[in-house]
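**Student:** The structure is given below, and queries will be raised subsequently.
Number of protein chains: 2
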Amino acid sequence: MTKFVPKPGDIVQIEKNGEVWSGRALPSKGSRLNLKLNSGYNVGIDIDKGTKIEKLGEAESIRHRPVKFALKHDRKKPRVSVLSAGGTIASSIDYSTGAISASYSADDLMSSVPEVSEFANIDAERIFEEMSENLTPKDWQIIARAIFKKVQDKNISGIVVTHGTDTLSFSTAMMSFMLRNLNKPVVFTYSQKSSDRGSTDAAMNLICSTITAAKDIAEVVTVGHGTVNDDYCLINRGNKVRKMHSSQRNTFRPINCHPIGKVWPDGKVEIISEYKKSGEVLEKPYLADKLEERIAIVKFYPGLNPEIIDWYIDKGYKGLIIEGTGLGHVNVDKMSLVPAIKKAIEKGILVCMTTQTIYGSVNPYVYSNLRRLSEKGVLYLRDMLTDTAYVKLMWSLGQAKSLGEAKEMMLENIAGEFNPRLQPDMFLY
Amino acid sequence: MTKFVPKPGDIVQIEKNGEVWSGRALPSKGSRLNLKLNSGYNVGIDIDKGTKIEKLGEAESIRHRPVKFALKHDRKKPRVSVLSAGGTIASSIDYSTGAISASYSADDLMSSVPEVSEFANIDAERIFEEMSENLTPKDWQIIARAIFKKVQDKNISGIVVTHGTDTLSFSTAMMSFMLRNLNKPVVFTYSQKSSDRGSTDAAMNLICSTITAAKDIAEVVTVGHGTVNDDYCLINRGNKVRKMHSSQRNTFRPINCHPIGKVWPDGKVEIISEYKKSGEVLEKPYLADKLEERIAIVKFYPGLNPEIIDWYIDKGYKGLIIEGTGLGHVNVDKMSLVPAIKKAIEKGILVCMTTQTIYGSVNPYVYSNLRRLSEKGVLYLRDMLTDTAYVKLMWSLGQAKSLGEAKEMMLENIAGEFNPRLQPDMFLY
Chain A
481 MTKFVPKPGD IVQIEKNGEV WSGRALPSKG SRLNLKLNSG YNVGIDIDKG TKIEKLGEAE
541 SIRHRPVKFA LKHDRKKPRV SVLSAGGTIA SSIDYSTGAI SASYSADDLM SSVPEVSEFA
601 NIDAERIFEE MSENLTPKDW QIIARAIFKK VQDKNISGIV VTHGTDTLSF STAMMSFMLR
661 NLNKPVVFTY SQKSSDRGST DAAMNLICST ITAAKDIAEV VTVGHGTVND DYCLINRGNK
721 VRKMHSSQRN TFRPINCHPI GKVWPDGKVE IISEYKKSGE VLEKPYLADK LEERIAIVKF
781 YPGLNPEIID WYIDKGYKGL IIEGTGLGHV NVDKMSLVPA IKKAIEKGIL VCMTTQTIYG
841 SVNPYVYSNL RRLSEKGVLY LRDMLTDTAY VKLMWSLGQA KSLGEAKEMM LENIAGEFNP
901 RLQPDMFLY
Chain B
481 MTKFVPKPGD IVQIEKNGEV WSGRALPSKG SRLNLKLNSG YNVGIDIDKG TKIEKLGEAE
541 SIRHRPVKFA LKHDRKKPRV SVLSAGGTIA SSIDYSTGAI SASYSADDLM SSVPEVSEFA
601 NIDAERIFEE MSENLTPKDW QIIARAIFKK VQDKNISGIV VTHGTDTLSF STAMMSFMLR
661 NLNKPVVFTY SQKSSDRGST DAAMNLICST ITAAKDIAEV VTVGHGTVND DYCLINRGNK
721 VRKMHSSQRN TFRPINCHPI GKVWPDGKVE IISEYKKSGE VLEKPYLADK LEERIAIVKF
781 YPGLNPEIID WYIDKGYKGL IIEGTGLGHV NVDKMSLVPA IKKAIEKGIL VCMTTQTIYG
841 SVNPYVYSNL RRLSEKGVLY LRDMLTDTAY VKLMWSLGQA KSLGEAKEMM LENIAGEFNP
901 RLQPDMFLY
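Those protein sequence lines, which keep their order, are chains A and B.
Here the first sequence is numbered in our numbering, starting from 481 and rising by one per residue.
Here the second sequence is numbered in our numbering, starting from 481 and rising by one per residue.
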């Protein structure tokens, strides 16, 4: 029993009913003490007479800004523009709930990682502060316009965008279509832990992203941890990458391809796959940001109510991505989706098929059921990821002058979203 | 130019405009010749005057039954019951479309793999013939009842069920809940290529399944290729496994756990993880097959129309699995799902959260947005797979006497569907 009342920021140890917690006190109400554990998670502990509170360290500002360094400028080094679009990488502790929310400016972020100035001169700017689960198609247009300004600036060698992990691959896939004739690297990076905590992965990801942004890659890519250790980052094509783990730092994996390369924080880069080089792009870059937003993903599963497709028809939707099973199946029997799909196609809705296995291709030529769907006019999008297919369908229907042209665009390999040469070791890379 | 017209079954080589195809002729219409290539895929070639057709082999029945062996019976060996529930493993070429559809009886199938009799005496029976994408929740009840009959038969050591790959993990997860106090192995197996073709994976999968079904594993498991080679099969827990590749034979992977073990076709078994042993089950097995079918999966993505949740409310649905991003996020801002989710919960709908990253856990204690959802009453299903969560919610609401009881069942580790000890190397196993 103790009368010591911890101030927010105090490092304390709590003992109650034989259990022991230690961590940093968060703002708390009444007799409930909120504690940020050393693991990064928070607990709320009801303080009663039997609770023992021991102070291990003084209160200091938790919501600290990182130590700021004036980044050195060096005329010989390439200029890299860093744009912040929110996410954990730019987040700190939210006192209202004790959890993490978006904060920090791009400038704060970069000046907390002075190592980047070894590789480039940095211009940091904020697009917006938002956790990526809250982004909408309109935000993709805002991000694309901000990037495109920097694409047009001839003094800038490459662009780094910080972004939340949750919907990052939707954004990168969309950028790969919106930024036409892209002639410099657009590198999206992220963090799986907030950057004001000890074991953050943000620093290495930012350093490796800056290194990549100074190279000759004329593509939209992601750069982040390749393993759970701080050894190297993977460079992945923005429309062939997916968040595959909810918490591990090596979460972004190449899907149906190898990574473009690996990059080490000391500046070393190893190229693994072919990519578009800056020097190969001779035509002028332009921004194609018009979208058709009435697009939906329908994930198929046993027991799915086929009326859901009728609902999208009635709501005036223009395109549907059916995420089928295996090679692109849906029920064609007792709970058949075929009548609803047929109706959608007759109404001029563009219906495409991807697979929920994540890895591998859809293929309508192996099983009878699929052949029938394909004959009805469903487009089979080979090895394209569902999320990439979704943004590409928004983009194609926004750009095309006719349904026929949109269909052709969907099947054309516009930004490396199809890989015609799948290999067994691309599975679970 | 040639006047030779291939009969279905003839092995032919076709040359046209410099391209060469060789394979087996399929029934064809008019001037279009359908050809099953040696790769297993089919093409349709328009035969014109410039097309050269060469016959390489005689017509024979393609839809051949495999050579039947009378399986030897040996009183000293365990008795294994093989039940066929369709799928590629029991399929042959469908002449109407030239593609693959369900056929073959379990008896045909087993007698084409005489090696199984080295390990067990086989009883083969058919449940039904169906490609697994056409299965509905009612079919799960039919499969469970057929299995349960064999569970009650004390002379039977284990059960092998052949099933299509596409929705196999839905079925195995459901069986893991329906078959209570299971005291013998229930092994689901499959094939990624039809079993009447040379390079089929069916034989090895059937042999390894039979070996597994004669062991002491009192769980529902899948057994199938661990690699793209014919070296060993993985034994995976039926509710922690997922089809992760649309065509590779090593498609079924353990998710958020290690496999239970490996099994080689020579009879060797290596155990990797803990499992429930037959001798540990002392209570009488029973069948709990009542389901609430008004359950849906809502996959969240940027731009998802929140009205879809209202539609499910209006349709009288009783449970929703929200497949969120990352740690279990949905939009809480401009296209917020929160009001609709709140309304669903107020109407007594059980709303649960899983992650679309596949690997890792959801966790409402890290980010402010999730904490708010959790406070509204959304159940966070930790590391449970979306597909497992979907069938478990059907089952829990079918079994429970109250909503409160169903919630408790959802969070209880009933058949190993939660793994409290996630390790980094379980990612992309």
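We put the CB at the ideal spot given by N, CA and C, even for glycine.
1. Using a 10 Å radius around the Cβ and a threshold of 16 neighbouring Cβ atoms, would you call S541/A buried or exposed?
2. Taking D867/B as the query, report the chain A residues whose CB atoms sit under 8 Å from its CB, ordered along the chain.
3. Please go through the same chain and pick out, in chain order, the residues whose beta-carbon is closer than 8 Å to the beta-carbon of V761/A, but skip the five residues on each side of it.
4. One question on the structure: do G878/B and E772/B come within less than 8 Å of each other, judged by their Cβ atoms?
5. Report the residue ranges of all beta strand (DSSP E) runs contained in full by the stretch 734 to 812 of chain A; include only those spanning at least 3 residues, in chain order.
6. Quick one: does R901/B have its CB under 8 Å from some CB of chain A?
7. Can a CB atom of chain A be found closer than 8 Å to the CB of T731/B?
8. Could you spell out where the beta strand (DSSP E) holding I602/A opens and where it closes?
9. Using the C-alpha atoms, what's the distance from E598/A back to G910/A?
10. Check whether the Cβ of L714/B lies closer than 8 Å to any Cβ atom in chain A.
11. If the cut is a Cβ gap below 7 Å, which residues of chain A does F907/B touch?
12. Which stretch, first to last residue, makes up the alpha helix (DSSP H) that contains I687/B?
13. If E613/A and H553/B are in contact, beta carbons under 8 Å, what's the gap, nearest whole angstrom?
14. Determine the DSSP secondary structure at R862/A, reduced to helix, strand or coil.
15. What did DSSP end up calling L513/A once you bin it into helix, strand or coil?
16. Please state the DSSP three-state secondary structure of G498/B.
17. Output, in sequence order along the chain, the residues in the stretch 828 to 843 of chain B whose CB is closer than 9 Å to any CB in chain A.
18. Which class does D526/A belong to by DSSP, given the choice of helix, strand or coil?
19. I'd like to know whether the C-beta of V810/A is nearer than 8 Å to at least one C-beta of chain B.
20. Which whole-angstrom value is the C-beta distance of K742/B and I735/B, which I expect to be below 8 Å?
21. Are the C-beta atoms of D646/A and some chain B residue less than 8 Å apart?
22. Here's a check: name, in chain order, each residue in its chain whose Cβ is nearer than 7 Å to the Cβ of N449/B, leaving out the five neighbours to either side.
23. Below 7 Å CB to CB, which residues in the same chain sit around D681/B once its five sequence neighbours on both sides are set aside?
24. For S612/B, report the span of its alpha helix (DSSP H) as first-last.
25. Ordered along the chain, which non-local residues of its own chain (more than five positions away) have a Cβ less than 6 Å from that of S502/B?
26. Note down the Cα distance separating D646/A from L817/B, rounded to an integer number of angstroms.
27. Answer yes or no: does any C-beta atom of chain A fall closer than 8 Å to that of V701/B?
28. Does the distance from the C-beta atom of A776/B to that of Y766/B stay below 8 Å?
29. Nearest-angstrom Cα distance between F628/A and S564/A?
30. Mind reading off the beta-carbon distance from T866/A to T834/A? Whole number of angstroms is fine, and I expect it under 8 Å.
31. Closer than 9 Å by beta-carbon distance: list the chain B residues that pair up with L807/A, in chain order.
32. Report yes if the C-beta distance between M724/B and I838/A is below 8 Å; otherwise report no.
33. Once the 5 residues before and after P819/A are set aside, which same chain residues still bring their CB inside 8 Å of it?
34. Can you tell me where the beta strand (DSSP E) with M833/B in it begins and where it stops?
35. Return the residues of the stretch 760 to 778 of chain B that lie within a Cβ-Cβ distance of less than 8 Å from chain D, sorted by chain order.
**Tutor:** Let's see:
1. What you label residue 541/A is simply residue 61 of the first sequence in a count that begins at 1. For S541/A, the pLDDT reaches just 42, beneath the cut-off of 50, and the residue's location in the model is therefore unreliable, leaving the point undetermined.
2. Position 387 of the second sequence holds residue 867/B. Result: Y781.
3. Position 281 of the first sequence, counted from the start, is the residue given in the question as residue 761/A. Excluding positions up to five away in sequence, the list reads N661, L662, N663 and A698.
4. Here residue 878/B corresponds to residue number 398 of the second sequence, with the count starting at 1. Here residue 772/B corresponds to residue number 292 of the second sequence, with the count starting at 1. Yes, they are a contact pair.
5. 741 to 743, 749 to 751, 775 to 779 and 799 to 804
6. Counting from one through the second sequence, the residue named residue 901/B turns up at place 421. Output row for R901/B: interface = no.
7. As a first step, residue 731/B is located in the second sequence; it is residue number 251 there, counting from the start. Chain A, which has a Cβ nearer than 8 Å to the Cβ of T731/B, makes this yes.
8. Numbered from its first residue, the first sequence carries residue 602/A at position 122. I602/A -> beta strand (DSSP E) spans N601 to R606.
9. No statement about residue 910/A is possible, as the shown extent of chain A runs from 481 to 909 and does not include it.
10. For the purposes of this step, residue 714/B is taken as residue 234 along the second sequence, with counting starting at 1. Not an interface residue.
11. Within the second sequence, the letter at position 427 stands for residue 907/B. Here the neighbours are H725 and Q728.
12. Position 207 of the second sequence holds residue 687/B. First-last of the alpha helix (DSSP H) with I687/B: A682 to A693.
13. Looking up residue 613/A in the first sequence gives position 133. Looking up residue 553/B in the second sequence gives position 73. The Cβ separation is near 60 Å, so there is no contact.
14. Here residue 862/A refers to the residue found at position 382 when the first sequence is read from its first residue. Coil, per DSSP.
15. As a first step, residue 513/A is located in the first sequence; it is residue number 33 there, counting from the start. Residue state, collapsed to three classes: strand.
16. Counted from its first residue, the second sequence places residue 498/B at position 18. Reduced to three states, the DSSP call for G498/B is coil.
17. T835, Q836, T837, I838, Y839, G840, S841, V842 and N843
18. If you number the first sequence from 1, residue 526/A lands on position 46. D526/A: strand per DSSP, three-state reduction.
19. Mapped onto the first sequence, residue 810/A falls at position 330. Yes, its Cβ sits closer than 8 Å to a Cβ of chain B.
20. Position 262 of the second sequence, counted from the first residue, corresponds to residue 742/B. Position 255 of the second sequence, counted from the first residue, corresponds to residue 735/B. Wrong, their Cβ atoms sit about 17 Å apart, outside the cutoff.
21. As a position in the first sequence, residue 646/A is number 166, starting the count at 1. Answer yes: the Cβ-Cβ gap between D646/A and chain B drops below 8 Å somewhere.
22. Summary: the structure shown does not reach residue 449/B, with chain B confined to residues 481 through 909, and so no result is reported for it.
23. Locating residue 681/B in the second sequence gives position 201, counting from the first residue. Closer than 7 Å at Cβ, skipping near neighbours: S671, Q672, K673, H705 and R729.
24. Looking up residue 612/B in the second sequence gives position 132. No alpha helix (DSSP H) holds S612/B; DSSP gives it neither H nor E.
25. Taking the second sequence and counting its residues from 1, the one referred to as residue 502/B is at position 22. Only Q493 meet the Cβ criterion.
26. Position 166 of the first sequence holds residue 646/A. Position 337 of the second sequence holds residue 817/B. Approximately 16 Å, taken between the alpha carbons.
27. Locating residue 701/B in the second sequence gives position 221, where the first residue counts as 1. No - not a single Cβ of chain A is within 8 Å of the one on V701/B.
28. For this step, residue 776/B is matched to residue 296 along the second sequence. For this step, residue 766/B is matched to residue 286 along the second sequence. For A776/B and Y766/B, no; Cβs fall outside 8 Å.
29. Mapped onto the first sequence, residue 628/A falls at position 148. Mapped onto the first sequence, residue 564/A falls at position 84. So the alpha carbons of these two residues sit roughly 14 Å apart.
30. The residue you call residue 866/A lines up with position 386 of the first sequence. The residue you call residue 834/A lines up with position 354 of the first sequence. About 4 Å; that satisfies the 8 Å criterion.
31. Working through the first sequence from its first residue, we reach residue 807/A at position 327. Per Cβ cutoff of 9 Å: D646, S726 and S727.
32. For this step, residue 724/B is matched to residue 244 along the second sequence. For this step, residue 838/A is matched to residue 358 along the first sequence. For M724/B and I838/A, yes; Cβs fall inside 8 Å.
33. Locating residue 819/A in the first sequence gives position 339, where the first residue counts as 1. P786.
34. By 1-based counting over the second sequence, the position of residue 833/B is 353. Here the beta strand (DSSP E) through M833/B covers L830 to T835.
35. Although the question refers to chain D, the structure presented lacks it and instead comprises the protein chains A and B.
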